[in-house]
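**Q** Quick note: to get our numbering, add 188 to the position in the sequence shown (first position is 1).
If you scroll down you'll find the structure; I have some questions about it.
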Amino acid sequence: MPLHFELVTPARHVRSDDVHMVVVPGTDGEFGVLEGHAPFMSTIKDGAVQIYKTANASPESIEVRGGFAEVGDNGLTILAEHVES
189 MPLHFELVTP ARHVRSDDVH MVVVPGTDGE FGVLEGHAPF MSTIKDGAVQ
239 IYKTANASPE SIEVRGGFAE VGDNGLTILA EHVES
């Protein structure tokens with residue numbers, strides 16, 4: 189079953205997609221999120237969010253600056269202060 193992933197900024201909705209895994213640059217270190225991950229919330233630092241569409245895919249990277257990540261029943265939501273185009 190895929191992980192539902194949302195990436196938003198205060199200005200716009202950047203991405204909404206079903207993916208295999210997302211690696212997030214947390215302030216206490218990077219963490220990976222798969223479907224079924226335990227709920228939690230973390231601040232994120234400047235860095236690359238790595239998105240794996242499938243288990244064997246190469247990651248797509250999106251640069252973010254600050255924000256929060258929340259894992260819940262609806263998947264992973266990242267509210268980034270800024271996303272590099």
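Backbone N, C-alpha and C fix where the C-beta goes; we use that ideal spot for every residue, glycine too.
Ignoring anything shorter than 3 residues, give me the beta strand (DSSP E) runs that lie fully in the region 221–269, in order along the chain.
**A** 228–232, 235–240, 248–260
**Q** Just verifying my parser: in three-state terms, what is the DSSP assignment at residue 201?
**A** strand
**Q** Could you give the C-beta distance for residue 217 and residue 211, rounded to a whole number, given that I count them as a contact under 8 Å?
**A** Actually they are not in contact, since the Cβ atoms of residue 217 and residue 211 sit about 11 Å apart, beyond 8 Å.
**Q** Do you know offhand how far residue 228's Cα is from residue 195's?
**A** Between residue 228 and residue 195, the C-alpha separation is close to 16 Å.
**Q** Taking the straight line between their C-alpha atoms, what separation do you get for residue 250 and residue 224?
**A** 23 Å
**Q** Measuring CB atoms only, is the region 192–209 touching the region 263–272, in the sense that at least three cross pairs come out at less than 8 Å?
**A** yes
**Q** Helix, strand or coil: which one does DSSP assign to residue 190?
**A** coil
**Q** Beta-carbon within less than 7 Å of residue 205's beta-carbon, same chain only, minus the 5 sequence neighbours each way: which residues are those?
**A** 193
**Q** Hey, how far is the Cα of residue 189 from the Cα of residue 208?
**A** When the Cα atoms are used, residue 189 and residue 208 turn out to be separated by approximately 8 Å.
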